[in-house]
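Worksheet: the structure to be examined is printed underneath.
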Amino acid sequence: EFANQAPQILDIGTGSGCIAISLQKLLPQATVFAIDISAKALLVAESNAKLNNASVSFIETDILNPNKALIPNSLDVIVSNPPYVTESEKAFMEKNVLDYEPHNALFVPDNDALIFYREIAQLATDKLKKGGKIYFEINEAKSDEVVALLEKLGFIEILVVKDIHGKNRIIRARI
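Taking our numbering, I'd label the letters of the sequence shown as residues 76 to 250.
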């Protein structure tokens, strides 16, 4: 979709940087920014970017209380695989995931499962240029709620994409 363009892309909650790095490699003309709350994760992401010769600008900030001055304006795309597993779903998680993934990168409170989607979508209304797009990985059980949230904020052309198991997994929307 963006192959012949030079989009400005922001990855929110970058972790190891795999999404931001992959996007920069697939779209070499893109300007890619990536944010995370964890300085430790950003060190890993920066190392991974160097290993892959990917030009990504990493920014330390908390999406739940972001320093908006650090986040670029006029973005074409925002992507995020935010924490979306509810605390009550933790019991069903594989041990290897629980043992090796940072819990703040996985879990959200049962009583506010949309906390990251709400904050990211609100930020997107300020930072995306008109016609800009947002892409989220989602909790399959919350897709209708995320769609309703995006509609309420004025997003259009909302599309829910299923994963290889037929579960709702990605949402794309345009502002």
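Cβ atoms here follow ideal geometry from the backbone N, Cα and C, with glycine treated the same way.
These numbers were taken from a predicted model, which means no experiment stands behind them.
- Scanning its chain for C-beta atoms nearer than 7 Å, with the 5 sequence neighbours on each side dropped, one finds around Asn-156 the residues Gly-88, Ile-94 and Glu-212, in chain order.
- In the same chain as Ala-199, and ignoring 5 residues on each side of it, the C-beta atoms closer than 7 Å to its own belong to Ile-153, Ile-209 and Ile-250, in chain order.
- Nearest neighbour of Leu-150 by Cα position, chosen from Gly-206, Ile-245 and Glu-232, turns out to be Gly-206.
- Taking a contact to require three or more Cβ pairs closer than 8 Å, the segment 136-147 and the segment 117-127 do not qualify as touching.
- The C-alpha of Glu-226 lies about 26 Å from the C-alpha of Val-107.
- Judged by their CB atoms, Ile-84 and Asn-127 are not nearer to each other than the 8 Å cut-off.
- Within the same chain, and ignoring the five residues on either side of Arg-244 in sequence, the residues whose Cβ sits closer than 8 Å to its Cβ are Glu-212, Ile-213, Glu-215, Val-236, Lys-237 and Asp-238.
- For Lys-204, the three-state secondary structure derived from DSSP is strand.
- Contact between Ile-195 and Val-221 fails: their C-beta atoms lie close to 10 Å from each other, not under 8 Å.
- Burial check for Ile-110: the Cβ neighbour count within 10 Å reaches 16 or more, so the residue is buried.
- Using a Cβ distance threshold of 8 Å, Ala-81 and Lys-100 do not count as a contacting pair.
- DSSP, read as helix, strand or coil, puts Ser-113 in coil.
- Pro-141 and His-240 have their C-alpha atoms some 34 Å from each other.
- Boundaries of the alpha helix (DSSP H) around Ile-96: 93-101.
- Between the beta-carbon of Ser-132 and that of Ala-116 there is about 15 Å, and that puts the pair past the 8 Å contact cut.
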